[in-house]
Amino acid sequence: MITALEQYDPQIYELIRQEAARQSGSIRLIPSENYVSKAVMLASGSCLTNKYAEGYPGKRYYQGQQVTDLIEKTAQQRAKKLFKAEHANVQPYSGSVANLAAYFALIKPGDTIMGLSLPHGGHLTHGWKVSVTSQIFNSVQYTVNPATGRFDYNRIEELAKKHKPKIIISGATAYPREIDFEIFGRIARDVGAYHVSDIAHIAGLVVAGIHKSPVPYSDIVSTTTHKTLRGPRGGMLLCKAEHAKKVDKAVFPGLQGGPHMQTLTAIAVAMAEADTPEFVAYAKQVVKNAKALAEKLLEYGFNLVSGGTDNHLILIDLQNKNISGRKMAEAMDRARLVANRNTIPDDPNPPSNPSGLRLGTPAITTRGMKEAQAEQIAAFINKVAENIDNESAIEKVGKEVLLLCSQFTVPEHFIIPNKNSI
Ligand code: DSN
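My numbering puts the last residue of the sequence shown at 492; the count rises by one with no breaks.
Next up, the structure:
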């Protein structure tokens, strides 16, 4: 396939080759990114991209669904088994659409939703002010306790009692601690709200049994498929049987047309991979690596929101280093350490140039790195911080990073990069 692309469109081929080289010649620390397996990559680049399949298995609007029905049923069954859920919808194009579908399945425009504020670690679609979710619904936002960086469940409960939302959303994109979904479920029940949990970041940890599953305590569970779960970029909804019809209707025809069958097929493959002891070992190592990275960063004097991590991600508060999140992320990028700037709870600075930096270990763990390499990465990050205005020192760190990359090559499913361009 790649040879055909090289012949037909050398310009795009060359850009793909450069991206493959970037992915293998840098340490990828964005907690929502990963490397997929060869099997997932093949399925997502397969002939399923040619097929329209509006509807659901056995109830499609176009003919020619002999194979797509079997694939989607397989994906649904694998999702139900993996997450121990009564119903699964594997069609959402992304986590954002999955969240919207969860809300539309349960409530009406104008109703109140309550989710975690974005600067405190929530997602845009949890009701943040610039998201359509705050325009369609009345949005109430809870926060973490800025002093601890953790949820104060009593305060969340007080807010829920005061505003009586129709949906309480649990889940986060930048919360380094385990979330107690059972408490969220209880608070929701007590105020007569539905509980929607968004496990986009931690789905792989839930599957591996490292974090407690929200499935028994939620009306609907929403997730992406490409973060710790290590599948293609997509979304998924899991729910109790009583909500199945409403969820399916909200996804199609409510919000989407035909599902992206190539992605859905690759999601099925990723779930087979996740249902293995190897995946459980991988997910455990993701957390061990994050803890090792966090410990070492603390030794170097970095302040971590909540003081450490229980999952795959770390949020650094850079204020004591007098470096902005943006400056740090950009300097790290030049040293081949790819992370993202991030707000911290009660950040005095705007999201465009916040005070924090978010790191994660899913991708480095897929490359086979362990605690020793996580500690080495902490040392690289410290060197960048100590030499933030010294370009030659940053370049030197980049060379050391490249050496580490060469010892932990990207699993061979990637296009072999042209070494000259690294
Ligand atoms: N953009 C994702 C993340 O990086 O966490 C959330 O959608």
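C-beta: ideal position from N, C-alpha, C; glycine also.
May I have the straight-line CA-CA distance separating TYR132 from HIS196, to the nearest angstrom? The C-alpha of HIS196 is placed about 35 Å away from the C-alpha of TYR132.
Could you pull out every unbroken beta strand (DSSP E) segment of at least 3 residues lying fully inside the region 254-341, listed in chain order? The DSSP assignment places complete beta strand (DSSP E) segments of no fewer than 3 residues inside the region 254-341 at 264-268, 290-294 and 305-309, in order along the chain.
What is the residue span of the alpha helix (DSSP H) that ILE100 lies within? No alpha helix (DSSP H) contains ILE100, which DSSP labels as neither H nor E.
If you follow the beta strand (DSSP E) that TYR430 is part of, which residue opens it and which one closes it? What sits at residue 430 in the sequence shown is Gly, not Tyr. 426-430 is the span of the beta strand (DSSP E), which, as asked, contains GLY430.
Look up VAL375 in the DSSP assignment and say whether it is helix, strand or coil. Look at VAL375 here: in three-state DSSP terms it is helix.
Going by C-alpha distance, which of HIS190, GLU89, ILE177 and GLU84 is nearest PRO418? Closest in C-alpha terms to PRO418, from the list HIS190, GLU89, ILE177 and GLU84, comes HIS190.
By the 10 Å Cβ neighbour count, where 16 or more other Cβ atoms means buried, how is ASN460 classified, buried or exposed? Classification of ASN460: exposed, given that the 10 Å Cβ count is below 16.
Less than 6 Å between C-beta atoms, sequence neighbours within five positions excluded: which residues of the same chain meet that for ARG303? Closer than 6 Å at the Cβ level, and outside the excluded window around ARG303, lie HIS296.
From ASN412, GLN389 and GLU156, pick the residue whose C-alpha is nearest to that of LEU383; which is it? For the residues ASN412, GLN389 and GLU156, the minimum Cα distance to LEU383 belongs to ASN412.
Which two residues bound the contiguous beta strand (DSSP E) that contains MET184? Unbroken beta strand (DSSP E) run through MET184: 182-186.
Could you tell me the boundaries of the beta strand (DSSP E) in which ARG411 lies? For ARG411, the uninterrupted beta strand (DSSP E) segment begins and ends at 410-412.
Give the single residue among GLY165, PRO420, GLY438 and ALA401 whose Cα lies nearest to the Cα of ALA463. If we check each option's Cα against that of ALA463, ALA401 comes out closest.
Take ALA314 and list the residues in its own chain whose beta-carbon comes closer than 6 Å to its own, dropping the five residues that flank it on each side. Scanning its chain for C-beta atoms nearer than 6 Å, with the 5 sequence neighbours on each side dropped, one finds around ALA314 the residues HIS157, in chain order.
Can you give me the start and stop residues for the alpha helix (DSSP H) that ASP403 sits inside? 395-404 is the span of the alpha helix (DSSP H), which, as asked, contains ASP403.
Three-state secondary structure assigned by DSSP to ASN208: Three-state result, ASN208: strand.
Give the DSSP-derived three-state secondary structure of ARG87 in the structure shown. Looking at ARG87 - three-state DSSP - the assignment turns out to be helix.
Give a yes or no on whether the C-beta atoms belonging to ILE100 and ILE447 are separated by under 8 Å. Not a contact, by the Cβ cut-off of 8 Å.
Check whether THR431 and ASN373 have beta carbons under 8 Å apart: For THR431 and ASN373, no; Cβs fall outside 8 Å.
Please report how far the alpha carbon of LEU85 lies from the alpha carbon of ASP79, in whole angstroms. Going from the Cα of LEU85 to the Cα of ASP79 covers about 10 Å.
Decide if LYS489 is buried, meaning its Cβ has at least 16 other Cβ atoms within 10 Å, or exposed. Residue placement at LYS489 cannot be trusted, given a pLDDT of 42 that sits under 50; what the coordinates show is reported in the next sentence. Around the beta carbon of LYS489, fewer than 16 other beta carbons sit within 10 angstroms, so the residue counts as exposed.
Is ALA74 buried or exposed, if buried means 16 or more other CB atoms sit within 10 Å of its CB? Label assigned to ALA74: exposed.
Is the beta carbon of GLY219 sitting closer than 8 Å to the one on PRO415? PRO415 sits close to GLY219, with the two beta carbons spaced by under 8 Å.
Going by C-alpha distance, which of GLY262, PRO420, ARG404 and GLY241 is nearest ARG92? Of the candidates GLY262, PRO420, ARG404 and GLY241, the one whose C-alpha sits nearest the C-alpha of ARG92 is ARG404.
Give a single yes or no on whether THR73 has its beta carbon closer than 7 Å to a heavy atom of the ligand DSN. No, the Cβ of THR73 stays beyond 7 Å of every heavy atom of the ligand DSN.
Could you tell me the distance, in whole angstroms, from the CA atom of GLN355 to the CA atom of ASN381? Those two C-alpha atoms are separated by around 10 Å.
Excluding the 5 residues preceding and the 5 following MET439 in the sequence, name in chain order all residues of the same chain whose CB lies nearer than 6 Å to its CB. Around MET439, the same chain offers PHE478 as residues with beta carbons nearer than 6 Å, after the five sequence neighbours per side are excluded.
Of the residues GLN81, CYS117 and TYR173, which one's Cα is nearest the Cα of VAL317? Distance from the Cα of VAL317 is smallest, within the candidate group GLN81, CYS117 and TYR173, for TYR173.
For ARG148, name the three-state secondary structure that DSSP assigns. Helix.
The region 329-345 contacting the region 102-114, beta-carbon criterion three pairs below 8 Å: Taking one beta carbon from each stretch, the region 329-345 and the region 102-114 have 3 or more pairs nearer than 8 Å; the two touch.
First and last residue of the uninterrupted alpha helix (DSSP H) at LEU367: DSSP places LEU367 inside the alpha helix (DSSP H), whose first and last residues are 347-369.
Is GLY305 near PRO127, with beta carbons less than 8 Å apart? No, the Cβ-Cβ distance between GLY305 and PRO127 is not below 8 Å.
Any heavy atom of the ligand DSN inside 7 Å of the beta-carbon of ALA270? Yes - the ligand DSN has a heavy atom lying nearer than 7 Å to the Cβ of ALA270.
Nearest-angstrom beta carbon gap, TYR264 and LEU176 [assumed within contact, 8 Å]: About 5 Å separates the two Cβ atoms, so the contact holds.
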